[in-house]
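Listed in order, the protein sequences are those of chains A and W.
The first sequence: position 199 = 200 (the working numbering), numbered continuously.
The second sequence: position 237 = 244 (the working numbering), numbered continuously.
As structure tokens, the structure follows; a few thoughts come after it.
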Amino acid sequence: MPEFMLRAWLAGLGVAAVAGPIGCFVVWRRMAYFGDTLAHSALLGVTLGLLIGADLLLAVAGVSVLLAILVVIMQQQRQLATDTVLGILAHSALALGLVTLGLAGSIRVDLLGYLFGDILAVGWRDIYVIWIGGACILAFLAVAWRWLLFATLHEEMARAEGTPVLALRLALMILIALIIAGAMKVVGILLITAMLIIPAAAARPFAATPERMAWIAALLGMTAVSVGLWLSFHLDTPAGPSIVVTALVAFLVGQSVALARGLTPARSSDPNRTSGPASAP
Amino acid sequence: MGLRGLALVARAHYKVGSTPASDGCMHDTTATTSKIHPPGPLVVVRAASVRFGGLQALEAVDLTIGAGEIITLIGPNGAGKSTLVRLVLGVLKPNTGTVERRAGLSVAYVPQRLAIDATLPLTVDRFLDLPVRRTRAKKTAALAEAGVTGVERQPLQTLSGGQFQRVLLARALLAEPDLLVLDEPAQNIDHLGQIELYELIAGLRRRRGCAVLLVSHDLHLVMRATDRVICLQQRIRCAGAPEAVGKDPIYAELFGKRAAEALAFYPHHHDHEGERVVPLDRARER
Chain A
2 MPEFMLRAWL
12 AGLGVAAVAG
22 PIGCFVVWRR
32 MAYFGDTLAH
42 SALLGVTLGL
52 LIGADLLLAV
62 AGVSVLLAIL
72 VVIMQQQRQL
82 ATDTVLGILA
92 HSALALGLVT
102 LGLAGSIRVD
112 LLGYLFGDIL
122 AVGWRDIYVI
132 WIGGACILAF
142 LAVAWRWLLF
152 ATLHEEMARA
162 EGTPVLALRL
172 ALMILIALII
182 AGAMKVVGIL
192 LITAMLIIPA
202 AAARPFAATP
212 ERMAWIAALL
222 GMTAVSVGLW
232 LSFHLDTPAG
242 PSIVVTALVA
252 FLVGQSVALA
262 RGLTPARSSD
272 PNRTSGPASA
282 P
Chain W
8 MGLRGLALVA
18 RAHYKVGSTP
28 ASDGCMHDTT
38 ATTSKIHPPG
48 PLVVVRAASV
58 RFGGLQALEA
68 VDLTIGAGEI
78 ITLIGPNGAG
88 KSTLVRLVLG
98 VLKPNTGTVE
108 RRAGLSVAYV
118 PQRLAIDATL
128 PLTVDRFLDL
138 PVRRTRAKKT
148 AALAEAGVTG
158 VERQPLQTLS
168 GGQFQRVLLA
178 RALLAEPDLL
188 VLDEPAQNID
198 HLGQIELYEL
208 IAGLRRRRGC
218 AVLLVSHDLH
228 LVMRATDRVI
238 CLQQRIRCAG
248 APEAVGKDPI
258 YAELFGKRAA
268 EALAFYPHHH
278 DHEGERVVPL
288 DRARER
């Protein structure tokens, strides 16, 4: 295996291990669109990073975290629905990124590389950052797991019983922002949300507890990275999309198996418990 | 941190039955303006008004919850019952007026509805571990006390309405609260189940001594379980012992013929005389 493949693989494994559990919260809390919004802002982070000569990983993480905080502040105003807030921020951030790129005419950027991933750009430094950052995120998850679950179930109940709901929501958003920064070079800005959602959704029929769903999602994500990169190397297909397609296949196979064995999660007919408005992220 | 530490000390000192595990949760002290020191009332709401945009949800509401007291809050839809509950819980601040809570007060809350996403795999057993892990013995005992057994391995989504309410109650009991807040616990439960549930709630106070704040549509079922009934419609319209409130013309005015008919099912509350027109709004006297 050439060294660039090894680097891409190690970076991808690190990202997938963290994206699995965090992706579960994205699915449970219906934050998929939020993840997309942060991903859209990544290009602005890239442009600003290139302009000021900062490390791109850190620049993207910085811009994403700022945007996450902005979303929480705008949600607190309660003037606009959350999906409207996200819609405004997602496309404004993308447009701002492209306009800034245009204004800074001196910078030549491989736009496609950032949108769909460029594993040749993954360096050892990225791997250190991903693995150390990933370990920190997993440690935080282990500590805050019950509180995060409690707040996911019913924010008001959690707050009434003393859980710091707003801080947890902000923490979760910041973690998603960090994962997006980490995953950018491997799968690309446009496909990052897939790494959060598809493994988690694929894991659902095979998990009876939240913890097991997180474990299975992490393992599925890491498998998708391994198989996807292998396919990409041998079939000469783009790396990021190959990983996502592999994850999709795993999801479809899982759904079929679950359907055949009658494992699909029961949707209760009681509208008071299973429906209800999408909970705010 | 200072306030939080103080709250934990106060709690450990005054509440002998508290477990170390239940002290592990963070106490949100920001939502209260000041602290009551034991042995005072648990919660005191003074002249609280809440506006949502142009809508007056609550107006000059006073409410004192004493230790071990069972209070039932009734009122028509949109009367501000849930808003008052949110004030008591400390998740909402009044626009004017104050809400004081006893230092170190531990509250458990059973919300009106709990939408569990189908994507979240959660068994009853794991649900009872939120937000703090409990021992198996404690979980089994809490389920038994709430009147539902043998459901530990079941996903929450597969429970019936009655089982679900009881599991919610069991989780609340595990926190060993000073104050248990139940927002319409009887919805989706048939008539017989409702009577059982209210008897259960009355029994909880006897056994545990915790105060209960109950929100309900209907007075007749909670009659025997409750010390004090508060009729809410933006402001407190009438309050007192359940029998007195049942006879109050304002009660008939707020709830109309249907409520009066419901009361007729109970022989000892045979006091309805159809829909009476009440000339004097007694709330104005307050």
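All C-beta atoms in this analysis are idealised placements derived from N, C-alpha and C, irrespective of residue type, glycine included.
Only a predicted model underlies this, so the values are computations on that prediction, with no experimental measurement involved.
Assigned exposure category for residue i - 16 Cβ within 10 Å defines buried
| i | result |
| --- | --- |
| A/Cys137 | exposed |
| W/Tyr258 | buried |
| A/Ser233 | buried |
| W/Val174 | buried |
| W/Leu199 | exposed |
| A/Leu283 | Lying before the first or after the last residue shown, residue 283 of chain A is absent from chain A, which here runs from 2 to 282. |
| A/Ala209 | exposed |
| A/Ser291 | Lying outside 2 to 282, the shown extent of chain A, residue 291 of chain A is not represented and no answer is given. |
Which listed residue (the options) has its alpha carbon closest to that of residue i
| i | options | result |
| --- | --- | --- |
| A/Ala159 | W/Glu250, W/Leu96, W/Pro83 and W/Gly253 | W/Leu96 |
| W/Ala110 | W/Thr233, W/Thr165 and W/Ala74 | W/Ala74 |
| A/Gly54 | A/Thr247, A/Ser107 and A/Phe117 | A/Ser107 |
| A/Gly36 | A/Ile74, A/Pro242, A/Arg8 and A/Asp84 | A/Asp84 |
| W/Arg141 | W/Ser113, W/Leu166 and W/Arg178 | W/Arg178 |
| W/Gly60 | W/Asn102, W/Glu260 and W/Ala86 | W/Asn102 |
| A/Val228 | A/Ala248, A/Gly88 and A/Arg213 | A/Ala248 |
| W/Ala248 | W/Pro192, W/Thr79, W/Arg235 and W/Gly210 | W/Arg235 |
| W/Glu250 | W/Ile237, W/Ala153 and W/Ile243 | W/Ile237 |
| A/Glu4 | A/Leu192, A/Trp125 and A/Ile244 | A/Trp125 |
| W/Gly47 | W/Leu65, W/Ala67, W/Arg53 and W/Ile72 | W/Ile72 |
| A/Ile74 | A/Leu154, A/Leu171, A/Leu57 and A/Leu14 | A/Leu171 |
| W/Lys100 | W/Arg143, W/Asn84 and W/Val52 | W/Val52 |
Residue i at chain A interface by Cβ criterion, 8 Å
| i | result |
| --- | --- |
| W/Gly157 | no |
| W/Val52 | no |
| W/Ala182 | yes |
| W/Ile243 | no |
| W/Tyr205 | no |
| W/Asp185 | no |
| W/Thr233 | no |
| W/Thr79 | no |
| W/Ala115 | yes |
| W/Val139 | yes |
| W/Thr126 | yes |
| W/Thr130 | yes |
Any C-beta of chain W under 8 Å from that of residue i
| i | result |
| --- | --- |
| A/Thr210 | yes |
| A/Trp29 | yes |
| A/Thr48 | no |
| A/Ala248 | no |
| A/Leu113 | no |
| A/Thr164 | yes |
| A/Leu197 | no |
| A/Trp125 | no |
| A/Arg262 | no |
| A/His155 | yes |
| A/Met174 | no |
| A/Met158 | yes |
| A/Leu97 | no |
| A/Met214 | yes |
Contacting residues, own chain, Cβ-Cβ under 7 Å from residue i (five flanking each side not counted)
| i | result |
| --- | --- |
| W/Asp190 | Ser89, Val92, Val117, Pro118, Gln119 and Val222 |
| A/Val66 | Ile175 and Ala178 |
| W/Gln63 | Gln241 |
| A/Phe284 | An answer regarding residue 284 of chain A cannot be provided, because it is not within the stretch 2 to 282 covered by chain A. |
| A/Gly189 | Tyr115, Leu116, Phe117, Gly118 and Gly241 |
| A/Ala9 | Ile120, Val123, Val187, Leu230 and Ala240 |
Residues near residue i by beta carbon distance below 8 Å, same chain, minus five either side
| i | result |
| --- | --- |
| W/Ile196 | Gly168, Gly169, Gln172 and Leu204 |
| W/Gly216 | Ala74 and Gly75 |
| A/Val110 | Val47, Thr48, Leu51 and Leu102 |
| W/Thr37 | Residue placement at W/Thr37 is flagged as unreliable, the pLDDT there being 40, under the threshold of 50; the coordinate-derived value follows with that caveat. Around W/Thr37: no qualifying Cβ. |
| W/Ile123 | Leu129, Leu163 and Gln164 |
| A/Trp148 | Ala159, Thr164, Pro165 and Leu169 |
Close Cβ partners of residue i (< 6 Å) along its chain, the five nearest in sequence each way excluded
| i | result |
| --- | --- |
| W/Ala115 | Ala179, Ala182, Pro184 and Leu187 |
| A/Leu112 | none |
| A/Ala12 | Val123, Asp127, Ile128, Ile131 and Val187 |
| A/Ile142 | Residue identity differs from the one stated: residue 142 of chain A is Leu in this sequence, not Ile. So the qualifying residues of the chain are Pro22. |
| W/Ala233 | The sequence as given places Thr at residue 233 of chain W; Ala does not occur at that position. Closer than 6 Å at the Cβ level, and outside the excluded window around W/Thr233, lie Ile77, Thr79 and Pro249. |
| A/Ile244 | Val188, Ala225, Val226 and Gly229 |
| A/Thr1 | No answer is possible for residue 1 of chain A: the residues shown for chain A start at 2 and end at 282. |
heavy atom of the ligand FMN below 7 Å from residue i C-beta
| i | result |
| --- | --- |
| W/Gln201 | In terms of ligand content, the structure shown is empty, and the ligand FMN therefore cannot be addressed. |
**Request:** Say whether the region 181-196 of chain A touches the region 122-135 of chain W, bearing in mind that this needs 3 or more beta-carbon pairs closer than 8 Å, one atom from each stretch.
**Result:** no
**Item:** Touch test, the region 47-66 of chain A against the region 179-193 of chain A, Cβ-Cβ under 8 Å, three pairs minimum
**Value:** yes
**Prompt:** Counting pairs of Cβ atoms below 8 Å between the region 101-109 of chain W and the region 142-152 of chain W, do you hit three or more?
**Reply:** no
**Prompt:** Any contact of the region 163-174 of chain A with the region 210-217 of chain A, i.e. 3+ C-beta pairs under 8 Å?
**Reply:** no
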